[in-house]
Structures are given as structure tokens and as C-alpha cells.
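Protein chains in written order, with the numbering used here: chain A, 849 to 957; chain B, 849 to 957. All C-beta atoms, glycine included, are put in the ideal place defined by N, C-alpha and C. Predicted, not measured: the structure shown is a model, and the values here were computed from it. Some notes on the structure that comes next.
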DNA sequence: AAGACATGCCTAGACTATCTAGGCATGATT
DNA sequence: AATCATGCCTAGATAGTCTAGGCATGTCTT
């Protein structure tokens with residue numbers, strides 16, 4: 849039984865980093881942003897998101913800081929680090945390279 | 849330490865099915881075809897390919913038959929079944945849906 | 001004749017990302 | 001009082017891919 853996938857595997861880091869490029873966001877906000885910016889096509893499960901955030905933080909690509917949301921709630925805001933921006937560019941390039949290669953093959957084969 | 853990926857995860861089935869659309873091929877040939885049609889960008893490891901072929905065969909999407917290659921060697925040729933074509937179309941659609949959603953997000957975010 | 005290389009198939013084990021399925025807490029709304 | 005939205009988290013299962021081997025045959029080179 850094939851499992852429905854909400855994401856293209858391996859792109860979650862890319863999506864997270866990219867959505868933090870403009871401004872720091874908390875986990876919940878990241879999920880909503882990915883969802884809305886993709887026209888409700890991409891959904892990040894919380895069980896995927898939070899481990900990913902911790903992974904990215906450990907790599908030094910994002911940093912966390914507790915702040916208050918506009919709703920007056922405490923939330924963990926993540927911001928891109930300098931290394932994170934570099935990583936983002938690498939992942940962007942990799943995505944372009946691989947996805948266009950797939951596109952090429954699909955057009956030709 | 850990030851692991852270099854030769855493929856976008858989850859696209860292998862799609863690539864295999866698509867490369868069998870024109871004519872049956874054996875494993876070795878599938879790998880070479882994916883490689884050349886993608887302008888040497890996508891590489892399928894044999895340790896990924898053969899398990900995938902067996903998986904696809906078990907699903908009923910491809911069938912195997914031993915034949916001789918042009919070089920006079922015995923090789924296992926795989927052909928798309930009717931179900932395989934259906935599956936291919938579904939995976940094609942899914943790929944388009946998800947990859948364009950990623951593209952959209954990357955453009956916007 | 002020996003060795004290397006290309007062709008061809010295969011598997012076991014490790015790795016890693018994602019998903020499922022929960023839990024916990026707070027504030028607002030009903 | 002109950003429910004819902006917001007917000008963070010983890011444990012375990014699942015599954016796909018990669019690493020790193022093994023095996024066999026045929027051809028080409030030395």
C-alpha cells in the first residue's frame with residue numbers, strides 16, 4: 849500500500865530555510881507559511897517539523913529565541929544564521945540541478 | 849555530515865517507470881538511460897536500482913523476462929504493465945504537483 | 001595464459017528522513 | 001465547563017536509499 853506523501857522527500861530543510869529568509873518565525877508559523885506559499889499543496893507534519901528544526905539548529909543553520917507572538921503567547925522563533933544562508937543557497941542550487949534533471953528526463957524519455 | 853544524494857528521494861520509481869515507457873530494458877540499461885537522459889546528473893546506484901525493480905515487479909507494475917542482449921549476454925528485461933502505465937501517470941502528476949509547489953514557494957518566499 | 005575491465009544480477013546492513021500517533025500547556029470562545 | 005486554536009515536543013514504525021560487498025561471463029590487453 850503506497851503511502852501518501854505530503855512533501856517531496858529531502859526538500860523539507862530547503863523549505864524551512866527558505867521560509868526563514870525574510871524574517872524569523874516560530875515552528876507553527878513556518879508550517880503555515882509553507883502551506884500557504886505553496887497554495888495549500890505542501891503540508892508539514894509536526895512530527896517532521898520539530899525534529900527538523902532541532903536538526904537544523906544543531907547544524908548551526910538556525911538559532912532559536914523565545915519571544916512573544918502577536919497573540920501574547922510565548923513561542924520559539926527561529927532565525928537564519930550566516931551559515932544557514934550559505935546552506936540555503938547550496939540547497940537551492942541542488943534542488944534546481946536535480947529537479948530540472950528530472951524534468952529533462954521526463955520530457956525526453 | 850550531510851550525505852550527498854544522487855537522486856531526489858522518492859523519484860526513483862518514477863524515473864524507472866518512465867524509462868520503460870518506450871521499450872523494455874534490463875537493469876543495467878535502465879541505469880544508463882536515466883543517467884544519459886538526465887545529462888549525467890542523475891545516477892542510480894545498483895543497490896538502489898535492483899531492490900526498486902523487485903518492488904515494482906511485486907506491485908505488478910513491471911514484468912521481467914530473460915532475454916539476450918545485443919552483446920549476446922543473458923539479461924533480465926523489464927516491461928511496463930498496464931497497471932504500471934497507470935501508476936506512471938499518477939506519479940507523473942504527483943511529481944508535477946509537488947515540484948511546481950516547491951518552485952512556487954521558492955519564488956515567493 | 002593471465003589479468004583487467006565492462007557487462008550484468010544480487011543482497012545485507014546501515015543510515016536517515018518522514019510519518020503516525022500520541023502527550024502537554026495556555027488562552028479564547030462557546 | 002468544554003472545546004478549539006495555538007504552540008512545543010517525543011517515541012516508534014516505516015520505508016527508501018546508499019555503502020559495500022559478492023558472483024558470473026565475455027572481451028581485450030599484455
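Q) What residues of chain B sit near residue 866/A, judged by a beta carbon separation below 8 Å? A) In the first chain, the residue the question calls residue 866/A occupies position 18. Simply 953, 954 and 957.
Q: Let me know the secondary structure DSSP gives residue 922/A once reduced to three states.
A: Counting from 1 along the first chain, the entry for residue 922/A is found at position 74. Strand.
Q) Taking the DSSP output, what are the residues bridged to residue 939/B? A) Taking the second chain and counting its residues from 1, one reaches residue 939/B at position 91. Paired residues: none, contrary to the question.
Q) Per DSSP, what kind of secondary structure is residue 913/A in: helix, strand or coil? A) The count along the first chain starts at 1 and reaches residue 913/A at position 65. Residue state, collapsed to three classes: strand.
Q. What's the call for residue 956/A, buried or exposed, on a 16-neighbour Cβ count within 10 Å?
A. The residue you call residue 956/A lines up with position 108 of the first chain. Residue 956/A is exposed by the Cβ-count criterion.
Q.
At the level of alpha carbons, what is the spacing between residue 947/A and residue 932/A?
A. For this step, residue 947/A is matched to residue 99 along the first chain. For this step, residue 932/A is matched to residue 84 along the first chain. Between residue 947/A and residue 932/A, the C-alpha separation is close to 22 Å.
**Q.** Segment limits, alpha helix (DSSP H) that includes residue 872/B
**A.** To locate residue 872/B, count along the second chain from 1; it is residue 24. Run containing residue 872/B: none; DSSP gives neither H nor E here.
Q | residue 849/A - DSSP class collapsed to helix/strand/coil | A | As a first step, residue 849/A must be located in the first chain, where it is residue number 1. Interpretation of residue 849/A is limited by its pLDDT of 27, a score under 50 that renders its predicted location unreliable; the figure taken from the coordinates is listed afterwards. The answer is coil: DSSP assigns residue 849/A none of H, G, I, E or B.
**Q.** Residues of the segment 879-894 of chain A with Cβ closer than 8 Å to any Cβ of chain B, in chain order
**A.** 881, 882, 885, 886, 887, 889 and 890
(Q) Need the endpoints of the alpha helix (DSSP H) that residue 895/B sits in, please. (A) Reading the second chain from its first residue, position 47 is the one you call residue 895/B. Residue 895/B -> alpha helix (DSSP H) spans 894-907.
Q | Neighbourhood of residue 935/B by C-beta, 7 Å cutoff - its chain only, sequence neighbours within 5 removed | A | Here residue 935/B corresponds to residue number 87 of the second chain, with the count starting at 1. Taken in chain order, the residues that qualify are 865 and 909.
(Q) Suppose you measure from the CA of residue 899/B to the CA of residue 858/B; what does that come to, to the nearest Å? (A) Here residue 899/B is taken as the residue at index 51 of the second chain, counted from 1. Here residue 858/B is taken as the residue at index 10 of the second chain, counted from 1. Whole-angstrom Cα-Cα distance: 14 Å.
Q) Roughly how many angstroms separate the alpha carbons of residue 880/B and residue 888/B, rounded to a whole number? A) Walking along the second chain from the start, residue 880/B turns up at place 32. Walking along the second chain from the start, residue 888/B turns up at place 40. Roughly 9 Å between the two C-alpha positions.
Q: Return the chain-ordered list of same chain residues with a C-beta closer than 8 Å to the C-beta of residue 867/A, the five sequence neighbours on each side being excluded.
A: Along the first chain, one-based indexing puts residue 867/A at 19. Counting only Cβ-Cβ distances below 8 Å, and skipping sequence neighbours, we find 873, 878, 881, 882 and 885.
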